[in-house]
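Per the UniProt record's numbering, the very first residue in the sequence shown carries number 1; after that it's consecutive. Every residue, glycine too, gets a C-beta built ideally from N, C-alpha and C. Predicted model only: the values in this text are computed from it and were never measured. Worksheet: the structure to be examined is printed underneath.
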Amino acid sequence: MQMKRWRNAWRFLPLLSVIALTLTGCGNEQLTTLLPKGEGSEMQFNLMMLSLYIMIGVFVVVALIYTIVLVRFRRRGESDNEIPEQTEGNVVLEILWTVVPIILLLILAVPTVMATFALDEGTENVPEGATVVKVTAHQYWWEFEYPDLGVKTAQDLYIPSGERVYFELASKDVLHSFWVPTLGGKMDTNTATVNKMWLNAQEPGTYYGKCAELCGPAHALMDFKVIAQEKEDFEAWAESMKEASSQASTDQAAQGEEIFANSCIGCHAVGADGGNTGPNLTNFGDREKVAGILDHTDKNIKAWIAKPGEFKPGNNMPAFEDQLNDEELNALVAYLNGLKVEE
Numbered sequence: 001m002q003m004k005r006w007r008n009a010w011r012f013l014p015l016l017s018v019i020a021l022t023l024t025g026c027g028n029e030q031l032t033t034l035l036p037k038g039e040g041s042e043m044q045f046n047l048m049m050l051s052l053y054i055m056i057g058v059f060v061v062v063a064l065i066y067t068i069v070l071v072r073f074r075r076r077g078e079s080d081n082e083i084p085e086q087t088e089g090n091v092v093l094e095i096l097w098t099v100v101p102i103i104l105l106l107i108l109a110v111p112t113v114m115a116t117f118a119l120d121e122g123t124e125n126v127p128e129g130a131t132v133v134k135v136t137a138h139q140y141w142w143e144f145e146y147p148d149l150g151v152k153t154a155q156d157l158y159i160p161s162g163e164r165v166y167f168e169l170a171s172k173d174v175l176h177s178f179w180v181p182t183l184g185g186k187m188d189t190n191t192a193t194v195n196k197m198w199l200n201a202q203e204p205g206t207y208y209g210k211c212a213e214l215c216g217p218a219h220a221l222m223d224f225k226v227i228a229q230e231k232e233d234f235e236a237w238a239e240s241m242k243e244a245s246s247q248a249s250t251d252q253a254a255q256g257e258e259i260f261a262n263s264c265i266g267c268h269a270v271g272a273d274g275g276n277t278g279p280n281l282t283n284f285g286d287r288e289k290v291a292g293i294l295d296h297t298d299k300n301i302k303a304w305i306a307k308p309g310e311f312k313p314g315n316n317m318p319a320f321e322d323q324l325n326d327e328e329l330n331a332l333v334a335y336l337n338g339l340k341v342e343e
């Protein structure tokens, strides 16, 4: 009976294989290393493909030899008891299966070492005029500071396209990992040390990043965006950030500004004013996502302010559902949506 059950179970194996193969194609093309859009990611992709070609080549050769041996030296009948010629001590074969793996290893090792040095190039001595960004990871959001430009923001990382941008990575609390799959490899952010790397977006566009190190209950929701712009557009954005105004433009927004000053500015900054515990909100109205994960709508902004823990468990933002009524929430949303630097 037990054997019959196993036989029935094996019938589902082809179906399960098809399902598994289909699911491997699911996902977000912005979160894959197989569609490189940067100089660093292309290096890493080429190394991946090189190792894949080597593995396929080894598999094909081994499978071919295995098939030849099975066919040529198979037992042909009861009387076929001849023992095949033994290869123990065969000098040619011993040399062959020692030298070939060494050659394959060298073929993979040389470009790997070269790429490793190339990916570290300039991180200690940043070229003059290059864009430098200090990245600080928090539970569960990202802070981006441009020390040479006097700009600080959060969640949306703006960079110039077509050139290397150098990053200094650290963490405010626990271990995180900075990763933009289509632009380059990941790098850990630590509390006691500063790690350095560079990324290059070959063309303008929006690229998506994530935390790649388990850092708490909302780890999977610690997303951010990289917005690569032409050099002149990036410089214009930086100037706009420095000159950004937090003045309300409507009566409702003015009410929201007052609420913000009383309830939020201790943690959140607008421009150079305010606290540094939470994300900088200078260009909040320009963002496409709320908290990096929700669509930027009035409803989602209100929901986030009221109950942030429902969307990112374990985050440090307090809930305001019992402190602000619906009218006050609407006013605060109106003020936040008016915080824009892009036309």
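Check	Outcome
Going by DSSP, what residues sit across from W304 in a beta bridge?	According to DSSP, W304 bridges with nothing at all.
Could you give the distance in angstroms between the alpha-carbon of E143 and the alpha-carbon of K152?	7 Å
What are the uninterrupted segments assigned as alpha helix (DSSP H) that are 4 or more residues long and contained completely in the UniProt domain "Cytochrome c" (251-340), given in chain order?	251-263, 298-306 and 326-337
Closer than 7 Å by C-beta to S51: which residues in its own chain qualify, once you throw out the five before and the five after it? Chain order, please.	L108
Could you pull the start and end residues of the alpha helix (DSSP H) that A228 belongs to?	Not the alpha helix (DSSP H): A228 falls in the beta strand (DSSP E), residues D223 to Q229.
Do G275 and G285 count as a contact pair if the criterion is CB distance below 7 Å?	no
State the Cα-Cα distance for the pair V165 and Q30, rounded to the nearest angstrom.	19 Å
Where T67 and S17 are concerned, what is the direct C-alpha to C-alpha distance, given to the nearest angstrom?	24 Å
Buried or exposed for G278, going by 16 or more other Cβ atoms inside 10 Å?	buried
So, helix, strand or coil for A137, using DSSP?	strand
With respect to the beta strand (DSSP E) encompassing residue 359, which residues constitute its N-terminal and C-terminal limits?	The question about residue 359 has no answer here: the residues shown for the chain are numbered 1 through 343.
Near F260, what residues of its chain come up, given a Cβ to Cβ distance below 7 Å and the 5 sequence neighbours on each side ignored?	L332 and Y335
Measuring CB atoms only, is the stretch 199-213 touching the stretch 145-163, in the sense that at least three cross pairs come out at less than 8 Å?	yes
Can you tell me whether DSSP reads N46 as helix, strand or coil?	helix
Please work out which residues of its chain come closer than 6 Å, Cβ to Cβ, to H176, disregarding the five sequence neighbours upstream and downstream, and give them in chain order.	A137, T189, C211, E213 and C215
What residues match up with D188 in a beta bridge as DSSP calls it?	S177
Using alpha carbons as the reference points, say which of P181, D148, G271 and E342 lies closest to Q229.	E342
Below 8 Å on the Cβ atoms is my contact criterion, and I expect W141 with M222 to pass it. Report the Cβ-Cβ distance as a whole number of Å.	7 Å
Buried or exposed: where does V290 fall if 16 or more other Cβ atoms within 10 Å of its Cβ makes it buried?	buried
According to DSSP, is A201 helix, strand or coil?	strand
Between which two residues does the alpha helix (DSSP H) carrying F117 extend?	V91 to D120
What residues in its chain sit with their C-beta under 6 Å from that of G185, if we drop five residues either side in the sequence?	Q44
Per DSSP, which residues does S171 bridge with? Please list them.	A137
Any idea if T98 is buried or exposed, counting beta-carbon neighbours within 10 angstroms, 16 or more meaning buried?	exposed
I'd like to check one pair, P313 with A218: are the Cβ atoms closer than 7 Å?	yes
Does DSSP classify K210 as helix, strand or coil?	strand
Just tell me which of Y207, E258, A130 and F320 has its CA closest to the CA of Q33.	Looking at the sequence itself, residue 33 is Thr, so the reference to Gln does not match. Looking at the Cα atoms, Y207 is the closest of the given residues.
Identify, in the order they occur along the chain, each residue of the same chain with its Cβ nearer than 7 Å to the Cβ of E328, setting aside the five sequence neighbours on each side.	I259
Taking I159 as part of the beta strand (DSSP E), name the residues at either end of that continuous run.	D156 to P160
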